[in-house]
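Colleague: Chains as they are written, first to last, in the numbering used here: chain A, 73 to 422; chain X, 3 to 516.
We treat Cβ as the ideally placed atom computed from N, Cα and C, and that holds for glycine.
Below: one structure in C-alpha cells.
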C-alpha cells in the first residue's frame, strides 16, 4: 500500500494546468517588461490591462460551456452585440448609465438563456446552436450599429480605463484619490480591479453552488449526473446564461474602452477563436469536467502578452500570425508533456 | 410496536414494461419488507434491471402501481425516488470521474452555508461515510478518476448510504470489490437490516446471496417466478428456477494430464512498482488462472503481455524466442497472435454505437480486407461464423452492439478476438456481471479453445471459477506470483491463504521459486 499523499500535493497535482498557465504568463510578462523601455510602470500596466480585459471576460464566458463538454461559438458575437448596445445606452445621467449597464448585462444573459433553452429543449448540439445564434447576434449588432460610432459616458470611460487614483479622482472618492491609505493601491489599473471583482463576485461563488458543480458533473459524465438526480437541464441553461453574462461584460468593457460601438464581424470571430485558445491554455479540458475560469483568464492574458511582445520586438505584422500560432502550439504541447510519462497507455484514452 | 413483516415497505402490482417489441416485465407482483435483505435472482434479460429501474425512477412502467409504505407512489426521475428514500447503487457506476470523492459522495445534496457548498463539512461527511465502510485510506480530495475500480465502487456505496435510504438497492454492487471490501460490506448491510432498512440485492454470486439474504425472488423472462425464504430451496433448485432447465455440471470436467511444453514463458517481468520479477509459463492446451486479491498486479501483468505498458523489463518468450510486444498491434500480429479480453467491455472491449458486425471484425480487419478495402463478402462470412460459434443472441448484425444484454456483449468481445485466431488468450475477469448461463458457455468455450491448442491465461476475482476452470492457478501478491497451485491443490482454502500471503503449513502448494 502506498503512503497517503498530503492534501496540498493532491491539490497541486489537480491544478497543474492553472499553475503552469500562471507561470507561463508571469514569465512572458516579466520578459516583456524587462525589454520595454518603460517597463514596470503604471502607464504600461494600465494600457496592457485595458487591452486584455475584454478577452479575459470572453474567455471566462467560453469556459463554462467547455466545462460542460460543449463549445460556445457565439461568445464573440454576443460581446459585439452588447458592445453596440452599450454604445447607445451607457450615456446620460448616472441613473441612465446604471440602467444602460444593467440592460446590457441582461441582454447578454437573455441571449445565453436562449442558447441554453435551444440546446436543452431543442436537443441541438451546442456547437451548431451557437454557430447559428452567433450569426443572429451579429445581425442584431449590425442593426444596432450599421456603421461604427456611438458614445459612452466620458467619465466612466476615463475612470475604468486608468489607474485607481484616476478612478477616485474622477468620482471624488477617498479625498479625490489623495487619502494616505489609498496611495499604496492607487497605481493599480481600474480594469484589473474590475476583472478581479467579477471573478470573486460571480465565478468563485458560482463554483460552489449546486448548479456550478452540476456543470462539472455533466462535463465529466452526463449519464452519471442524471442518475445522481442532479438538475442537468437547469445547469445547462444556467451555463449558457452565465456565459452570456460574461460575454456581455466583455462587450460592455470594450464599449467603455473604445467609447464606441462597432459591429465588427472579423473581430467577433477572432475573439471567439481566441477564447477557445485561452480556455485550453488555462488548463481546461475540451472534453469537459475539469478546469476553471480563472485558468482561462490567465490563458487570455498569455495570448495578449504574446502580442505585446510583438510590438516591442518589431515583428513584422505579416509574420505575427505565424509566430503566434507557433507559440500557441508550443504552449499547448507543454501541457501534453504529461503524456510522455504515462506508462500505461490505456490511461491516455481515459 | 408494529410488526415489520406485517406490511411490506415496497409493493408492486401488475407492473409491466415494454421496450419496443421486447417485453421486459410482464404483470409483476412483488413486495419486500423493512428489515430484510431480499435477493433478486435471474439470468440477464430476466427483468431484474427493469424492475429496479422502475423502483428507482429511471424508467416509468407502462402499467401497474407501486406503493411505498402503503402510499401510492410514482417516481418520474431518480431524484424523486431518492427523496422518498429509495436509493440504488447501479452496476454502471454513477460517479463523475473528474470530481473529487467528497464532491461525488455529496453530489445530490451537498452541505451548504449561506447557499454555497461548504467544502469542509462536505469533506468531513465523506470521511465519516468512508470510515463506516472501512475505506479510511481513500482521501476525499482525490479525483475518482485516480482511484482503482474497487475503491470507486466503495465510494459509490458510501454515496448511496449518504442519502439515508429506507430502501437500498444494490445491483451487482460487489462485482468489482476486493474480498476484504466485500466482508466489510456484508457487515454494513447486516447492520442496516437491523436498523430496519429494506435491501434489494442483485448478484450473480450465489455464495454471496446465501451469506447475506433472508429472502429471495426469482425472475425469468420478465415474470416473477417465485419468492421464498433463503434456505427453503437448494442451490440446484434455485438455479433450475432461474434458467428453467436443469444444469448437470457447472464447469467442464478437468482431465489431469502431463504438463505441456511451454508456449509462452515470462521471466523476471517487472513494471514500475506494480510487477516484481514475475515468472510464469503457459503451455499449449493449458488454462492457467491468475488469482489473488484485487489489485495485486494481475491486470498489469495481462496489459504488459499485450504491449499496453511502457517501460516493462524482463523477458517474454514465445516458442523460446524473445517476443515482448511493444503495442497491441504488435501483440496480435502474426509472430505472436495474442488476444486480450479486457476488463471493461464498455470502454476497452466495444465501440458501443457501432454495429455488432463492425465490432466483431474490428480486431481482424487485415484478414478481412482486399487491398485497402474491407471486403463485405469476407466480413459477412466471418461475422456469421462468429455469431454461430458463440451462439450470440442478436436481432441483426447491423444493430448497434449497445442494444445487446451484458452477457451477449461480452460474447461479442470474445468472438472478436477469436476471429484473430489467437494462440495465446489473456482474459481479464471476463465473467464480471454476467448471467449464469453465459458464464457456463464461456467456461465451456475456454476448454474447447484450450483443447484446440490455445494457451489461456485467465484472471478472475471469483474463486469458484478458478477452481472449476483452471489447470493451474498462479496467485499474485504485491506484484509477484506467490504460489502456483495445480490440479486438486486448487482449493478455496489454498487460494485464500495464498492470496492473503499466509504461509499455512497445511497448504499443499508448490512454492514458487522467487
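How about the stretch 94 to 109 of chain X and the stretch 153 to 164 of chain X: do they share at least three Cβ pairs that are nearer than 8 Å?
Modeller: Judged by Cβ distances under 8 Å, the stretch 94 to 109 of chain X makes contact with the stretch 153 to 164 of chain X, as three or more pairs qualify.
Colleague: Beta-carbon within less than 8 Å of residue 201(X)'s beta-carbon, same chain only, minus the 5 sequence neighbours each way: which residues are those?
Modeller: 38, 39, 40, 169, 170, 171, 172, 191, 194, 195, listed in sequence order.
Colleague: Identify, in the order they occur along the chain, each residue of the same chain with its Cβ nearer than 8 Å to the Cβ of residue 257(A), setting aside the five sequence neighbours on each side.
Modeller: Around residue 257(A): 236.
Colleague: If you run the structure through DSSP and keep just helix, strand and coil, what is residue 232(X)?
Modeller: Note: residue 232(X) maps to coil in three-state DSSP.
Colleague: Compile a chain-ordered list of the residues in the stretch 298 to 317 of chain A whose CB is closer than 9 Å to at least one CB of chain X.
Modeller: Under the 9 Å Cβ criterion, the stretch 298 to 317 of chain A contributes 298, 299, 300, 301, 302, 303.
Colleague: Taking 6 Å as the limit between beta carbons, can you name the residues of its chain near residue 165(X), skipping five residues before and five after?
Modeller: Only 84, 89 meet the Cβ criterion.
Colleague: Going by beta carbon distance, what residues of the same chain come within less than 6 Å of residue 441(X), once the five residues before and after it are set aside?
Modeller: Within the same chain, residue 441(X) has close Cβ partners 433.
Colleague: Ordered along the chain, which non-local residues of its own chain (more than five positions away) have a Cβ less than 8 Å from that of residue 134(X)?
Modeller: Only 160, 163, 190 meet the Cβ criterion.
Colleague: Can you give me, in chain order, the residues of the stretch 160 to 171 of chain A that have a beta carbon less than 9 Å from any beta carbon in chain X?
Modeller: Those would be none; no residue qualifies.
Colleague: Would you identify the three-state DSSP class for residue 521(X), choosing helix, strand or coil?
Modeller: Here chain X has residues from 3 to 516 only, and residue 521(X) is not among them.
Colleague: Tell me the start and end of each unbroken alpha helix (DSSP H) in the stretch 356 to 383 of chain X that is at least 4 residues and wholly inside, in chain order.
Modeller: Counting only runs of 4 or more, we get 358 to 363.
Colleague: Within the same chain, show all residues whose beta-carbon is closer than 6 Å to that of residue 137(X), passing over the 5 residues directly before and after it, in chain order.
Modeller: Same-chain partners within the cutoff: 156.
Colleague: If you measure between the beta carbons of residue 354(A) and residue 370(A), is that distance less than 9 Å?
Modeller: Yes, these two residues count as a Cβ contact at 9 Å.
Colleague: Grab the span of the beta strand (DSSP E) containing residue 19(X) for me, first residue to last.
Modeller: Taken as a continuous stretch (DSSP letters only), the beta strand (DSSP E) holding residue 19(X) covers 12 to 21.
Colleague: In chain A, which residues lie with their C-beta within 7 Å of the C-beta of residue 96(X)?
Modeller: Residues of chain A passing the Cβ test: 296, 299, 300.
Colleague: Assuming residue 448(X) contacts residue 458(X) under a Cβ cut-off of 8 Å, what Cβ separation, rounded to an integer in Å, is found between them?
Modeller: The pair is a contact, with the Cβ atoms about 6 Å apart (cut-off 8 Å).
Colleague: Quick one: grab the DSSP three-state call for residue 161(A).
Modeller: Helix.
Colleague: Since residue 74(X) sits in a beta bridge, which residues does DSSP pair it with?
Modeller: Residue 74(X) is bridged to 69(X).
Colleague: Would you please state the rounded distance, in angstroms, between the beta carbons of residue 476(X) and residue 290(X)? I believe it to be under 8 Å.
Modeller: Confirmed, Cβ separation roughly 6 Å.
Colleague: Mind listing, in chain order, the continuous alpha helix (DSSP H) runs of no fewer than 4 residues lying wholly within the stretch 284 to 320 of chain A?
Modeller: Segments of the alpha helix (DSSP H) lying fully in the stretch 284 to 320 of chain A: 294 to 299.
Colleague: Along the stretch 188 to 217 of chain X, where does the CB come closer than 9 Å to a CB of chain A? Name the residues.
Modeller: Within the stretch 188 to 217 of chain X, no residue qualifies.
Colleague: Exposed or buried, which one is residue 80(A) when buried takes at least 16 other CB atoms within 10 Å?
Modeller: The residue is exposed, with fewer than 16 neighbouring Cβ atoms inside 10 Å.
Colleague: Residue 362(A) touches chain X at which residues, Cβ-Cβ below 7 Å?
Modeller: Within chain X, the residues near residue 362(A) are 100.
Colleague: Spell out whether any CB of chain A is found under 9 Å from the CB atom of residue 350(X).
Modeller: At least one chain A Cβ lies under 9 Å of residue 350(X).
Colleague: For residue 274(X), decide whether its Cβ has a neighbour in chain A, counting only Cβ atoms nearer than 9 Å.
Modeller: Yes, residue 274(X) lies at the interface with chain A (some Cβ there is under 9 Å from its Cβ).
Colleague: Short check: CB of residue 473(X) to CB of residue 488(X), under 9 Å?
Modeller: In contact: residue 473(X) and residue 488(X) (Cβ atoms closer than 9 Å).
Colleague: Residue 364(A) and residue 279(A) - do their beta-carbons sit closer together than 9 Å?
Modeller: Yes, these two residues count as a Cβ contact at 9 Å.
Colleague: Can you list, in chain order, the residues of its chain whose CB lies under 7 Å from that of residue 44(X), leaving out five sequence neighbours each side?
Modeller: These residues qualify, in order along the chain: 50, 220, 221, 222, 244.
Colleague: Short of 8 Å in beta carbon distance, which residues of its chain neighbour residue 357(X), apart from the five on each side in sequence? Order them along the chain.
Modeller: If we look at residue 357(X) and ignore the five residues flanking it on each side, its Cβ neighbours are 399, 400, 401, 402, 403.
Colleague: Pull up the distance between the alpha-carbon of residue 153(A) and that of residue 402(A), whole angstroms please.
Modeller: Roughly 33 Å separates the two Cα atoms.
Colleague: Do residue 392(X) and residue 413(X) come within 9 Å of each other at the CB atom, strictly closer than that value?
Modeller: Yes; because the gap between Cβ atoms is below 9 Å, this pair is in contact.
Colleague: Relative to the C-alpha of residue 87(A), which candidate in 314(A), 157(A), 366(A) has its C-alpha closest?
Modeller: With distances taken between Cα atoms, residue 87(A) lies closest to 366(A).
Colleague: So, residue 340(A) versus residue 124(A), is the Cβ gap smaller than 9 Å?
Modeller: No.
Colleague: Helix, strand or coil for residue 87(A)? Go by DSSP, reduced to three states.
Modeller: Coil at residue 87(A), not helix or strand.
Colleague: Three-state secondary structure (DSSP) at residue 171(X)?
Modeller: DSSP places residue 171(X) in strand when its eight states are reduced to three.
Colleague: In terms of residues, what are the limits of the alpha helix (DSSP H) holding residue 185(A)?
Modeller: That run of the alpha helix (DSSP H) goes 166 to 193.
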